[in-house]
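**Student:**
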Amino acid sequence: MSDEEVERLRALDRYRLLDTPREQDFDEIAEAAAELCDVPIGVVNLIGDGRQFFMAEVGLGVRETPLETSFCRQAILQEDFLYVPDATRDPRFAGNPLVTGDPGLRFYAGALLKTAEGHPIGTVCVLDTKPHELTERQRKGLARLARQTMAQMELRRSLHAQEEERLLHERILDSATDYAIVSTDIDGRVTRWNTGAERTLGWTQAEMLGEAVDAFFTPEDRANVRPDAEMGLAAKNGSAPNERWHMRKDGSRFWASGEMMPLRSDDGRTVGFLMILRDRTEQRETAAALQASELRYRSLVEVSPQVVWFGDADGNVTYCNAYWYNYTGLPADETGETSWMGVIHPEHREPTRRAWLAATGSGQPYEVEFLLRGADGRYRWFLSRARPVCDANGAVRSWIGTSLDIHERKVAEERFQTLTELAPTVIWFGDPDGSLSYLNDRWYAYTGQTPEQALPSGWADVIHPDDLPGLTEAWETARTGEVVYDTEARLRRADGTYRWFLIRAEPIRDGAGVIVGWLGNTSDIHDRRQVEEVLRETREQLRLAVEATGTGIFDFDLVSNVLKWDVRTRSFFGLGPDAHVDLDVYLARLHPDDRERADAAVTAAIDPEGDGVYDIIYRTIAPEDGIERWVSAKGQTLFEDGRPLRLIGTARDITEARQAEQTLRETEERYRLASRATNDAIWDWNLATNEVLWNDALQAAYGHSPEAVEPTGDWWIGHIHPEDRGRIDASIHTIIDSTGTAWTDEYRFLRADGSYAYVLDRGYVIRNGAGQAVRMIGAMLDISERRKAEEHQRLLTGELQHRVKNTLALVQAIASQTLRGSTDVNEMREAFAARLISLGRAHDILTAASWTAAPITEVVDGALGVHVGAAGGRLRTSGPNVLLAAKAALSLALSLHELATNAAKYGALSNDTGVVDLRWHVVHESDAPRFCLTWSEQGGPPILTQPSRKGFGSRLIERSFAAEVGGEVKLTYAPTGLVCRLEGPLASMQEILDVAAA
């Protein structure tokens, strides 16, 4: 791209018309061009980079076409105008697609759009699809339309430039936030209000537009028509500067400096005003403060307790304060050299004068000491100092100086010199370069050195070789850092012995703060070092002990009432490492229930009448998190002459221990209550020590008193039944020696009375981290009653089976005998039923006694109950209430039933006068007691002959009694009546299931 093309495109860009919407002004120009030339197509276009843009067009219907086929591409190469009557005959366009193809253009005429610099940027052109001849009038008309188009484009560019300039001015005004810039019309109404005005004055532009500018003038200025006066002055002189108070929107006042200027039109008329203000309140206050400060300084100088004087650049004293005249007695305002040199001691006049002239000549600070004569004629030491006052370029403008009375200090220095000679420690002076300039006699007496040997650097020869590098480094660090020198080292005594010394020195500075020397002190601390070493070892041991035990330390200074806690003690109270601690903090963080008790403990500990011991356990509560902690505190009060000085001690967090104790107490209480509530003998076997502990149930259930119990595993195993001991020992050790935990077994355990109880024993093995059994806890339950019940049940089941069989057999026999030889069915049925009823009653009695034993009276009443009512007292019974076993009771019941039935049918109860005596007793004539029962009948029908055969009743009596209990049955048929005697061993009659023994 050529340079000319680049410039042309830049000229086009300055108009900013490419790709803009259609505008009526340009559309009318395109229409006028088409009408002027009587063609269907009129265009106002711009030629860009590779494109042509139609700002206006008539007859095309598009806004842009490629530049390659454009006629205007050739037009901008012309001077002013391009005219093509018939494109098909013009070699430049004959092959153009727009000519040879659609839309078939033939005619073109275009006037160039040229900038003032002559750059062609577009055309006003007309086109047609048929040839045309262009008249001169049409040609000139197109040129005029092109000039009008350029005029419109220039107008728009100018308007754009003005708008941008306006925006730029507004941005500039708004960016000047430190300045309030306000423009008004000729009447003083606000037309512009920048951001700085909003910030400074408080009103927004929206609030102030159209308002009078006097809104931010003070009421007094408004009353004096000050705004109008300033506008008049500005209009007359071109400017009206001002500096006065102004008002803000909130009613506050501020001091502002500013200027009002007229705004004039091009013809010089004043059309408004521009006012610029800046808030200068702070500067005004600063200036006022500076003025007041200067006044105060002048006042201070006059009342200063030292001489204050000023001098000019040449060194002439120009002012002295009242102190100078009061002290010297010289006339007021007399400052000449002769006067002030005259009151200086003759020996110091010339040195002082030389020092002053040297300072004024070099511009360096001045400092000198001299004796100055007072009005009373006596001399006192003064230190005179002065500093030059320079301008921005460093040139001396004046001098300011002071003369300070140092007489007491100089006297003190002389006394100090004397004291250094008498001091019990080594006193020395060092120079800034590190060498020593003075050592008192204590040094030479201790080291044996002479001043020539020790000064300036020979002193280092007596330092222990191991300490010399550290001492030298510390000395260099102090000198270069200008800090206190403090170190310890061993110094060789004249006899060759080394002792520890503390070496300290402080820098001595002049009036300018420059170090001019060092004042040092060397003290023997050998004995203290030894004590400190012992103390250090003790403290280290204490620290390790404190760390190992988690102990905190407290220190209560009772004299100053200062309480100190270490970090660990602070943590016991929920405090951070840097938290403030005092007595109020301590009491506030104690548990309310413990506060009074803890306070009383402190009071008792600091009581001079007491032992000073402080020992208490209390709770703390941190308000931040509410956490409760248990703390054990122990301490000792230190007394002096009966007065408590300090309470020092330690504290430990015992929260976990207290919680463990509480848990243990609760566990033990539950264990104790559970032990009381159960009959189980609970045991705890320590497998390592073979110790076994038992609860109270061992005595309650088995009769073993605590003092009779040996608390060992051997005692326990020894009380297991010999037949069970080996089995139990093997089963319990199988669990212990394996990885199992639960054990259970049953065995017989010896009671204190010598009997054995069946027990169910269950235990649980506790193992350590290595899986080894260390402990076993269990409970031993007495199951004797259960075993007895089980045996009883077993025997009852067997007995029931046996009884059922026997009963069925007995019923079968009764039926068989009843039916045998009977001819009367009703009689047979009645006899059979009566016998079964009697058998049933006997069963009822035994069932009521659980088939164990039945009183004989109940058996007798049950067997004879039917006959007793009918006999009306003729059936008499007597005898002891012997308990009968089940078999004996059934046999006796059936026997008595048969006897009573026969007596009712054939014997003593068959008439109204017969009686029956039933008596029984136990005979104790030998080792085996015997049971005897006699049935005697009298008054019934006489028995004339003996029975020829035994009936069923006789056989039933003999079979049941003799067979079941092994007894004897004897029937005697006497003429007066039947006598039946039953006799058998009492043991057989009372053969009860001995469950307990079983």
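When the letters of the sequence shown are read in order and numbered with numbering that gives the first Met the number 0, they come out as residues 0 to 997.
Where a beta carbon is used, it is the ideal one built from N, C-alpha and C, also for glycine.
Grouping DSSP H, G and I as helix and E and B as strand, with all else coil, what is GLN540?
**Tutor:** Helix.
**Student:** Identify, in the order they occur along the chain, each residue of the same chain with its Cβ nearer than 6 Å to the Cβ of GLU963, setting aside the five sequence neighbours on each side.
**Tutor:** For GLU963, where only same-chain residues beyond five positions count, the Cβ hits under 6 Å are LYS886, SER890.
**Student:** Report the three-state DSSP secondary structure of SER754 (helix, strand or coil).
**Tutor:** Looking at SER754 - three-state DSSP - the assignment turns out to be coil, as it is neither helix nor strand.
**Student:** Assuming HIS245 and LEU273 make a contact with CB atoms under 8 Å, what is their CB distance in whole Å?
**Tutor:** Not quite, the Cβ-Cβ distance comes to about 16 Å (not below 8 Å), so this is no contact.
**Student:** Could you tell me which whole beta strand (DSSP E) segments of length 3 or greater appear in the region 422–452?
**Tutor:** DSSP runs (the beta strand (DSSP E)) wholly in the region 422–452: 425–429, 435–438.
**Student:** Would DSSP call ILE616 helix, strand or coil?
**Tutor:** The answer is strand: DSSP assigns ILE616 an E or B state.
**Student:** From THR900 to SER953, what distance separates their C-alpha atoms?
**Tutor:** When rounded, the distance between both Cα atoms is 12 Å.
**Student:** Determine the DSSP secondary structure at GLU210, reduced to helix, strand or coil.
**Tutor:** Three-state DSSP puts GLU210 in coil, outside helix and strand.
**Student:** Taking the alpha-carbon positions, what's the GLY641 to PRO607 distance?
**Tutor:** Going by the C-alpha atoms only, they are around 6 Å apart.
**Student:** Mapping DSSP to helix, strand and coil, what is PHE70?
**Tutor:** Correct three-state label for PHE70: coil.
**Student:** Can you tell me whether ARG478 is buried or exposed? The criterion is at least 16 other CB atoms within 10 Å of its CB, across all chains shown.
**Tutor:** Classification for ARG478: buried.
**Student:** Along the beta strand (DSSP E) that carries TYR324, what are the first and last residues, could you check?
**Tutor:** Premise fails: TYR324 lies in the alpha helix (DSSP H), 321–327, not in any beta strand (DSSP E).
**Student:** DSSP on GLY231, reduced to helix/strand/coil?
**Tutor:** GLY231 falls in the helix class under three-state DSSP.
**Student:** Pull up the DSSP beta-bridge partners for PHE748, would you.
**Tutor:** The partner list for PHE748 (beta bridge, DSSP) reads ILE719, ALA756.
**Student:** Measuring CB atoms only, is the region 304–320 touching the region 355–372, in the sense that at least three cross pairs come out at less than 8 Å?
**Tutor:** Yes, they touch.
**Student:** What are the boundary residues of the alpha helix (DSSP H) that includes VAL483?
**Tutor:** Looking at the DSSP string, VAL483 is not in any alpha helix (DSSP H), and its letter there is neither H nor E.
**Student:** Thinking C-alpha only, which one of ASP728, HIS347, GLN452 is nearest ASP713?
**Tutor:** Here the closest residue by C-alpha is ASP728.
**Student:** Count the other CB atoms, across all protein chains shown, that sit within 10 Å of the CB of SER849; report buried if there are 16 or more and exposed otherwise.
**Tutor:** For SER849, the predicted model reports a pLDDT of 49, less than 50, meaning its position is unreliable; a value from the coordinates is still stated below. Exposed: under 16 other Cβ atoms inside 10 Å.
**Student:** Nearest by alpha-carbon distance to ALA394: which of GLU420, ARG384, LEU403, THR359 is it?
**Tutor:** The shortest C-alpha separation from ALA394 is found at THR359.
**Student:** By the DSSP assignment, the alpha helix (DSSP H) with ARG13 in it spans what residues?
**Tutor:** Run containing ARG13: none; DSSP gives neither H nor E here.
**Student:** In the DSSP assignment, the alpha helix (DSSP H) including ALA680 goes from what residue to what residue?
**Tutor:** Where ALA680 is concerned, there is no enclosing alpha helix (DSSP H), although the beta strand (DSSP E) it sits in stretches over 680–685.
**Student:** By Cβ distance below 6 Å, which residues in the same chain neighbour TRP919 in space, the five residues on each side in sequence not counted?
**Tutor:** GLY878, LEU932, listed in sequence order.
**Student:** Which stretch, first to last residue, makes up the alpha helix (DSSP H) that contains PHE25?
**Tutor:** Start and end: 23–36.
**Student:** Who pairs with THR636 in a beta bridge, going by DSSP?
**Tutor:** DSSP lists LEU646 as partners of THR636.
**Student:** Beta strand (DSSP E) containing TYR365: first to last residue?
**Tutor:** Note, TYR365: beta strand (DSSP E), 365–372.
**Student:** Does DSSP put ILE782 in a helix, in a strand, or in coil?
**Tutor:** If DSSP states are grouped into helix, strand and coil, ILE782 belongs with coil.
**Student:** To the nearest angstrom, how far is it from the Cα of GLY551 to the Cα of GLY573?
**Tutor:** Each residue's Cα considered, the two are about 13 Å apart.
**Student:** Whose CA, out of GLU627, ARG491, ARG645, ASP485, lies closest to the CA of LEU562?
**Tutor:** Per the Cα distances, ARG645.
**Student:** Residue ranges of each beta strand (DSSP E) run of no fewer than 3 residues wholly in the region 81–144, ordered along the chain?
**Tutor:** Counting whole runs of 3 or more residues, the region 81–144 contains the beta strand (DSSP E) stretches 106–113, 119–127.
**Student:** Tell me the DSSP bridge mates of ASN520?
**Tutor:** ILE426, ARG503, per the DSSP bridge assignment.
**Student:** Count the other CB atoms, across all protein chains shown, that sit within 10 Å of the CB of HIS791; report buried if there are 16 or more and exposed otherwise.
**Tutor:** The residue is buried, with at least 16 neighbouring Cβ atoms inside 10 Å.
**Student:** Measuring alpha carbon to alpha carbon, tell me which of TYR365, ALA331, PHE369 ends up nearest HIS344.
**Tutor:** The shortest Cα separation from HIS344 among TYR365, ALA331, PHE369 belongs to PHE369.
**Student:** Determine the closest residue to PRO506 out of ASP227, ASP494, ARG498, VAL482, with distance taken between C-alpha atoms.
**Tutor:** It is VAL482.
**Student:** What number of angstroms, rounded off, separates the C-alpha of SER570 from the C-alpha of ARG651?
**Tutor:** Those two C-alpha atoms are separated by around 10 Å.
**Student:** At a cut of 8 Å, does the region 724–744 reach the region 759–772 through at least three beta carbon pairs?
**Tutor:** Contact holds: three or more Cβ-Cβ distances are below 8 Å.
**Student:** Does LEU932 come out as helix, strand or coil in the three-state DSSP assignment?
**Tutor:** Strand at LEU932.
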